[in-house]
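Numbering (my numbering), first residue to last: 9 to 572. All C-beta atoms, glycine included, are put in the ideal place defined by N, C-alpha and C. For clarity, every value in this text was computed on a predicted model and none was experimentally measured.
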């Protein structure tokens, strides 16, 4: 089922498998004038109310024109360092440190509602019920307004600071660290589904009704910093200096929810990707009957391949283990020859988040003999027979038997023992685990070894990430390096993604699960379970690597954001 927010389905109901037509209208990104760090957003009479915690402004913003007005021009001090904006009826709610306040929209004079034991991050209000989120406490507390009393508490769905809004029977939560929006049952706290946000650092969310269409648009606010080069003539060390500036805005979040398939998609982008080899050998050679194979982008739930065309030289497309591969053939290649050859692909890419629970996989069928022979073996110098890896495989899962809990425990075990760093070469998992530092490829090697020894089929995926600059369209973007992650297999369901190291952001945890069974829009899925690039020649005794023959050029261009 495709769910567009604009028109959400009730979680649990099934809709048609046919996609809904794209809306003709597009909703713009809103950059409120004078805003430095929006830490909450709410809807009021067709406008957005944004809380700027730096200046203490309550900004009323027209989402179509960005016309911006300060509505608390005489009470800004009360709102400095505030967060968690909510509006219900004629009452406005917010939090500052441990205190939750409400005030009348007419006079905006804050009145204390409750003081929590820990700092408050988010507020949601529905009629006389008040929802209060605290990252440090780890719970969303639910209060009755009058008489004031604590009704119950829900565990927070993520690990970061969370803001709230309520729509109908659902409690919506955005998590700054997880870069996710969760949809919960507001009565029980049960997770219905979740999606990744297209930008990092989400700080607030609200639904705004479109006066022309009647659709409810889910807007999410973001606040962070971006680096830039400042021209400073007063700097004695040089006129130009690297510094940071505030970056805050409000953006519509589009969701397509497929409950039968257990996943949801979020905002997508039309991206042009090119991969080109420049023949530039380091040593003299003379090769005969050369076959140069480069994997092509893969069609997946979140990635649609609209077009692929050759660059420089023609290629023949072949299918290898279900994956598309571009094959370039040369009768001969000589040291003084120079060539450019590769491919350009037009892709639709979206964020994806799967939702499977341990109960869903508790009674999965056993792996087939074909999968065991292919995906439980050491086929890439994984050191699976070494004592250190075999001991780690046992220690990682303990007595756990559930497939989903096992793979998550393995991920967390590796995160506990490794720190990320670029390395000059890929070492085997036993060396990496002893060293305690690894690149993304080395993280993948350790994860593969431990998972396979515990009976979990898994494979590598890659190969590049588009620089995540979603608002920079028609600008050539080049990634700094390649990237790999993995997929693990759930019998009876299929392959699920798991990032190698980007979630390893908190020393000793708790670790985010945003990219556990999820991928953001900027990953390019290429060559699942097969080598990304290989070269073969009929020359006997020739041992030459692609890196010694050519240098690659990788480029992404974001053409536009896709309509919902």
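field: Beta bridge counterpart(s) of residue 433 as assigned by DSSP
entry: For this step, residue 433 is matched to residue 425 along the chain shown. Per DSSP, none; premise fails for residue 433.
message: Is it buried or exposed, residue 18, if we count other Cβ atoms within 10 angstroms and call 16 or more buried?
response: In the chain shown, residue 18 corresponds to position 10, counting from 1. Confidence is the limiting factor: at residue 18 the pLDDT is only 34, short of 50, which leaves the residue's position unreliable and the question unanswerable from this model.
field: Beta-carbon spacing of residue 162, residue 174 below 8 Å
entry: Translated into positions along the chain shown, residue 162 becomes position 154. Translated into positions along the chain shown, residue 174 becomes position 166. Not a contact, by the Cβ cut-off of 8 Å.
message: Closer than 7 Å to a non-hydrogen atom of the ligand PLP - does that hold for the CB of residue 50?
response: Looking at this structure, you won't find the ligand PLP or any other ligand, since it has none at all.
task: Use the C-beta contact count for residue 259: other C-beta atoms within 10 angstroms, 16 or more gives buried, fewer gives exposed.
output: In the chain shown, the residue the question calls residue 259 occupies position 251. Buried, because 16 or more other Cβ atoms sit within 10 Å of the Cβ of residue 259.
message: Alpha carbons only, please: which of 75, 335, 298 is nearest the one belonging to residue 351?
response: Mapped onto the chain shown, residue 351 falls at position 343. Checking every option, the nearest Cα to that of residue 351 belongs to 335.
- request: For residue 201, write down the residues that DSSP places opposite it in a beta bridge.
  value: Start at 1 with the first residue of the chain shown, and residue 201 comes out as number 193. 191.
query: Comparing alpha-carbon positions, which option in 533, 412, 302, 380 lies nearest residue 367?
result: Walking along the chain shown from the start, residue 367 turns up at place 359. Comparing Cα-Cα distances from residue 367 to each of 533, 412, 302, 380, the minimum goes to 412.
message: Using C-beta distances below 8 Å, list every residue in its chain close to residue 289, excluding the 5 sequence neighbours before and after it, in chain order.
response: As a working mapping, residue 289 is identified with position 281 in the chain shown. Excluding positions up to five away in sequence, the list reads 343, 556, 557, 558.
query: Just how far apart, CA to CA, sit residue 525 and residue 294?
result: Working through the chain shown from its first residue, we reach residue 525 at position 517. Working through the chain shown from its first residue, we reach residue 294 at position 286. Going from the Cα of residue 525 to the Cα of residue 294 covers about 46 Å.
- prompt: Alpha carbon to alpha carbon, how far is residue 435 from residue 471?
  reply: In the chain shown, residue 435 corresponds to position 427, counting from 1. In the chain shown, residue 471 corresponds to position 463, counting from 1. If I take the Cα positions, the gap works out to 19 Å.
query: Beta-carbon separation of residue 252 and residue 234 under 8 Å?
result: Sequence index remark: in the chain shown, residue 252 carries index 244 (1-based). Sequence index remark: in the chain shown, residue 234 carries index 226 (1-based). Going by C-beta atoms, residue 252 is nearer than 8 Å to residue 234.
query: Who are the near neighbours of residue 301 in its chain, counting only those whose CB is closer than 6 Å to its CB and skipping five residues on each side?
result: On the chain shown, position 293 is the one that residue 301 refers to. Hits under 6 Å: 333, 335, 542.
- prompt: Considering only residues of the region 491-562, which uninterrupted beta strand (DSSP E) runs meet the minimum length of 3 residues and lie entirely inside it, listed in chain order?
  reply: 491-498, 502-506, 531-534, 541-544
task: Please report how far the alpha carbon of residue 399 lies from the alpha carbon of residue 427, in whole angstroms.
output: Stepping through the chain shown from its first residue, residue 399 is reached at position 391. Stepping through the chain shown from its first residue, residue 427 is reached at position 419. Approximately 20 Å between the Cα atoms of the pair.
query: How close, in whole Å, do the beta carbons of residue 116 and residue 171 come, if the pair is a contact with beta carbons under 8 Å?
result: Your numbering for residue 116 matches position 108 in the chain shown. Your numbering for residue 171 matches position 163 in the chain shown. Cβ-Cβ separation between residue 116 and residue 171: approximately 20 Å, too far for a contact (criterion under 8 Å).
query: For the region 209-289, which segments carrying the beta strand (DSSP E) assignment without a break, of at least 3 residues, lie completely within its bounds, in sequence order?
result: 210-217, 224-239, 248-260, 264-266, 271-287
Beta strand (DSSP E) segment containing residue 111, residue limits: Within the chain shown, residue 111 is the residue found at index 103, counting from 1. Note, residue 111: beta strand (DSSP E), 107-112.
message: Given this structure, state the Cα-to-Cα distance separating residue 502 from residue 309, to the nearest angstrom.
response: Numbered from 1 along the chain shown, position 494 holds the residue referred to as residue 502. Numbered from 1 along the chain shown, position 301 holds the residue referred to as residue 309. One C-alpha to the other measures close to 12 Å.
query: Skipping 5 residues on each side, what residues in its chain have a beta carbon closer than 6 Å to that of residue 197?
result: The count along the chain shown starts at 1 and reaches residue 197 at position 189. Correct list, in chain order: 162.
message: I need the DSSP call for residue 379, collapsed to helix, strand or coil.
response: To locate residue 379, count along the chain shown from 1; it is residue 371. Helix.
query: Between which two residues does the alpha helix (DSSP H) carrying residue 131 extend?
result: Taking the first residue of the chain shown as position 1, residue 131 is located at position 123. No alpha helix (DSSP H) contains residue 131, which is instead part of the beta strand (DSSP E) from 130-134.
field: Beta-carbon separation (whole angstroms), residue 315 vs residue 354, contact threshold 8 Å
entry: Here residue 315 corresponds to residue number 307 of the chain shown, with the count starting at 1. Here residue 354 corresponds to residue number 346 of the chain shown, with the count starting at 1. Residue 315 to residue 354, Cβ: 4 Å. Contact.
query: In whole angstroms, what separates the C-alpha of residue 532 from that of residue 562?
result: Within the chain shown, numbered from 1, the residue matching residue 532 stands at position 524. Within the chain shown, numbered from 1, the residue matching residue 562 stands at position 554. The alpha-carbon atoms of residue 532 and residue 562 are separated by roughly 12 Å.
- prompt: Does the beta-carbon distance from residue 203 to residue 141 come in below 8 Å?
  reply: Translated into positions along the chain shown, residue 203 becomes position 195. Translated into positions along the chain shown, residue 141 becomes position 133. Not closer than 8 Å, so no.
field: residue 274 versus residue 505 - alpha carbon distance
entry: Within the chain shown, numbered from 1, the residue matching residue 274 stands at position 266. Within the chain shown, numbered from 1, the residue matching residue 505 stands at position 497. Whole-angstrom Cα-Cα distance: 16 Å.
field: Distance between residue 437 and residue 414 (C-alpha atoms, nearest Å)
entry: In the chain shown, counting from the first residue as 1, residue 414 sits at position 406. In the chain shown, counting from the first residue as 1, residue 437 sits at position 429. Their backbone Cα atoms lie some 19 Å apart in a straight line.
query: Cα separation between residue 386 and residue 182?
result: Position 378 of the chain shown, counting from 1, holds the residue named residue 386. Position 174 of the chain shown, counting from 1, holds the residue named residue 182. Cα-Cα distance, rounded: 40 Å.
- prompt: For residue 382, which of 439, 361, 401, 463 has the nearest alpha-carbon?
  reply: Translated into the one-based positions of the chain shown, residue 382 becomes position 374. When each option's Cα is compared against that of residue 382, the closest is 463.
message: Can you give me the C-alpha to C-alpha distance between residue 248 and residue 458, rounded to a whole angstrom?
response: Against the chain shown, residue 248 aligns to sequence position 240. Against the chain shown, residue 458 aligns to sequence position 450. Their backbone Cα atoms lie some 48 Å apart in a straight line.
query: Going by Cα to Cα distance, which pick from 83, 419, 322, 107 is closest to residue 114?
result: Here the question's residue 114 lines up with position 106 in the chain shown. The candidate whose alpha carbon is nearest that of residue 114 is 83.
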